[in-house]
Structures are given as C-alpha cells and as structure tokens.
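Heads up: the protein sequence lines correspond to chains P and W, in order. For the first sequence, the positions run 1 to 114 when this note's numbering is used. For the second sequence, the positions run 115 to 226 when this note's numbering is used. What follows is one structure encoded as structure tokens, with my remarks underneath.
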Amino acid sequence: KQEVTQIPAALSVPEGENLVLNCSFTDSAIYNLQWFRQDPGKGLTSLLLIQSSQREQTSGRLNASLDKSSGRSTLYIAASQPGDSATYLCAVNPLIGTASKLTFGTGTRLQVTL
Amino acid sequence: DVKVTQSSRYLVKRTGEKVFLECVQDMDHENMFWYRQDPGLGLRLIYFSYDVKMKEKGDIPEGYSVSREKKERFSLILESASTNQTSMYLCASSFTGNYGYTFGSGTRLTVV
Numbered sequence: 001k002q003e004v005t006q007i008p009a010a011l012s013v014p015e016g017e018n019l020v021l022n023c024s025f026t027d028s029a030i031y032n033l034q035w036f037r038q039d040p041g042k043g044l045t046s047l048l049l050i051q052s053s054q055r056e057q058t059s060g061r062l063n064a065s066l067d068k069s070s071g072r073s074t075l076y077i078a079a080s081q082p083g084d085s086a087t088y089l090c091a092v093n094p095l096i097g098t099a100s101k102l103t104f105g106t107g108t109r110l111q112v113t114l
Numbered sequence: 115d116v117k118v119t120q121s122s123r124y125l126v127k128r129t130g131e132k133v134f135l136e137c138v139q140d141m142d143h144e145n146m147f148w149y150r151q152d153p154g155l156g157l158r159l160i161y162f163s164y165d166v167k168m169k170e171k172g173d174i175p176e177g178y179s180v181s182r183e184k185k186e187r188f189s190l191i192l193e194s195a196s197t198n199q200t201s202m203y204l205c206a207s208s209f210t211g212n213y214g215y216t217f218g219s220g221t222r223l224t225v226v
C-alpha cells in the first residue's frame with residue numbers, strides 16, 4: 001500500500017528566505033505527483049503537476065522536483081512571502097487501479113513571518 | 115476557467131437530518147471524488163465514481179451514500195446526520211491516467 005510522508009509537519013521562516021518542503025512515497029509505480037496548497041478553511045489549489053517521466057516543473061517562484069527511483073519529491077519556494085503561508089500537500093497518482101485515486105501526504109504547515 | 119463547484123460553503127444541520135452535498139464540474143472529467151478532512155487525520159476518501167451511475171467505496175464509506183446520474187454532478191448523501199460527521203467535505207474531479215486533480219472550495223458541515 002502506497003504511503004506518502006511529508007517532512008517537516010510545520011515550518012516557520014522569515015520573509016525572503018528560500019525553503020524546501022519534502023515529500024516521500026513508498027511505491028514508485030506512479031503516473032505523476034501533484035503539489036497542492038490549502039489555505040485555512042478552503043479547498044485545495046493545485047500548484048504543480050510532475051509527470052513520472054519528468055525531473056522537475058517550475059511555476060513562478062515554485063520549483064518541484066521528482067526522483068521516482070528514490071521515492072522523493074521536493075517543493076522549493078524562492079524568496080518566501082507572508083502570502084505563501086498555508087498548508088502544502090503532495091499527492092501521488094498510482095499506475096494501477098481505477099479512477100486514479102490519489103494518495104495524499106499529511107501536509108506541511110508553512111508560516112512566513114514579517 | 116475550469117472549475118469544480120460545491121453548492122454550499124457552510125452548512126449547519128441537526129442530528130438525524132438527511133443531508134445532500136452537491137458537486138458540479140465543467141471539465142468533462144470521468145472521475146469524481148468525495149473526501150472529508152479532519153485535523154490530524156488528513157484527507158480521507160469517502161466515495162468515488164469513475165463513470166455515470168458507477169461508484170466505489172473509499173476508505174470511510176460508513177454513514178454515507180452517493181449519486182451520479184449525470185457526468186458533471188456527484189452528490190454525497192448523509193442519510194441520517196450525526197455529530198461525528200461534522201467535518202470539511204471536499205469534492206474533486208479528474209481524467210483517468212496521467213492527469214491531475216481539481217478540487218472544489220469545500221463545504222464546512224456542522225451537525226448539532
């Protein structure tokens with residue numbers, strides 16, 4: 001059974017700092033890995049989708065990498081801002097099974113302070 | 115802009131009531147999902163559907179049922195609401211295969 005772990009569970013950084021969020025998974029048989037952002041009391045917003053054949057994806061200040069063989073992904077946030085404060089979730093999409101059921105990590109709660 | 119729309123942001127219901135949570139997507143996705151999210155427990159899959167009128171149980175289906183009569187609409191039904199069903203409910207949709215999920219904005223349900 002696929003297990004997805006995110007470390008750290010919570011992180012507080014001063015504004016302007018670059019930071020890395022980690023995601024690890026146990027089964028490398030995946031279509032893709034998706035990073036989401038969730039603000040308190042809101043739904044999930046998709047940030048980046050990395051296909052299993054890709055090594056990284058970039059969107060603005062965000063860069064996500066994927067090392068499928070080692071079961072790891074990282075989300076790099078450059079020049080962090082208070083508006084980046086949220087919970088970040090990673091999820092893997094398995095190759096096998098119906099309906100592409102994602103397995104989610106438990107999330108990293110990020111706080112960017114002034 | 116493509117989207118998944120959940121009909122209510124906040125809902126307060128009484129114990130024993132029948133509750134309907136509605137989700138509509140406009141992306142022609144074949145798959146739709148209902149999750150609940152609770153502090154410390156993460157996202158847990160309740161039910162999903164991979165086609166019209168098709169449904170499968172997720173990890174925590176007890177106390178819930180679903181309906182998918184049209185491709186764009188997936189309803190979650192609490193037959194007799196209980197206080198332990200107070201939670202954030204999230205709907206999502208996707209194509210099958212090498213695609214991502216799109217989530218709705220969530221419904222915060224409180225059962226009193």
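C-beta: ideal position from N, C-alpha, C; glycine also.
Give a yes or no on whether 9 Å exceeds the smallest Cβ distance from residue i to chain P.
| i | result |
| --- | --- |
| W:Thr200 | no |
| W:Thr216 | yes |
| W:Gln120 | yes |
| W:Phe147 | yes |
| W:Leu159 | yes |
| W:Gly130 | no |
| W:Gly177 | no |
Does the CB of residue i have a neighbour CB from chain W at under 9 Å?
| i | result |
| --- | --- |
| P:Phe104 | yes |
| P:Ser46 | yes |
| P:Phe25 | no |
| P:Gln34 | yes |
| P:Ala91 | yes |
Residues of chain W with CB under 7 Å from residue i, in chain order?
| i | result |
| --- | --- |
| P:Lys42 | Ser219 and Gly220 |
| P:Gln51 | Asn212 |
If I follow the unbroken beta strand (DSSP E) through residue i, where does it start and stop?
| i | result |
| --- | --- |
| P:Glu56 | Glu56 to Ser59 |
| P:Ile30 | Ile30 to Gln38 |
| W:Lys167 | First-last for W:Lys167: undefined, no H or E at that position. |
| P:Pro94 | Ala86 to Pro94 |
| P:Gln51 | Leu44 to Gln51 |
| W:Leu155 | First-last for W:Leu155: undefined, no H or E at that position. |
| W:Gln139 | Val133 to Gln139 |
From residue i to residue j, what does the alpha carbon distance come to, in whole angstroms?
| i | j | result |
| --- | --- | --- |
| P:Ala64 | W:Tyr213 | 16 Å |
| W:Val133 | P:Ile77 | 40 Å |
| P:Thr87 | W:Ile174 | 23 Å |
| P:Glu56 | W:Asp142 | 28 Å |
Against residue i, what residues of chain W qualify as contacts under a CB-to-CB distance less than 8 Å, listed in chain order?
| i | result |
| --- | --- |
| P:Gly107 | Gly156 |
Under 9 Å between beta-carbons, which chain P residues line up against residue i? List them in chain order, please.
| i | result |
| --- | --- |
| W:Leu135 | Simply none; closest approach about 13 Å. |
Would residue i count as contacting chain C if we go by Cβ distances under 9 Å?
| i | result |
| --- | --- |
| P:Tyr31 | Here chain C cannot be found, since the structure's protein chains are P and W. |
Counting only Cβ pairs nearer than 8 Å, list the residues of chain P close to residue i.
| i | result |
| --- | --- |
| W:Leu67 | There is simply no residue 67 of chain W to check, as chain W begins at 115 and stops at 226 in what is shown. |
Review point. Using 8 Å as the Cβ pair cut-off and three pairs as the minimum, do the region 42–58 of chain P and the region 128–148 of chain W touch?
Key: Contact between the region 42–58 of chain P and the region 128–148 of chain W is absent: fewer than three C-beta pairs spanning the two stretches fall below 8 Å.
Practice item. Assess, as a yes-or-no matter, whether the region 143–163 of chain W is touched by the region 184–204 of chain W under the definition of 3 or more beta carbon pairs within less than 8 Å. Key: yes
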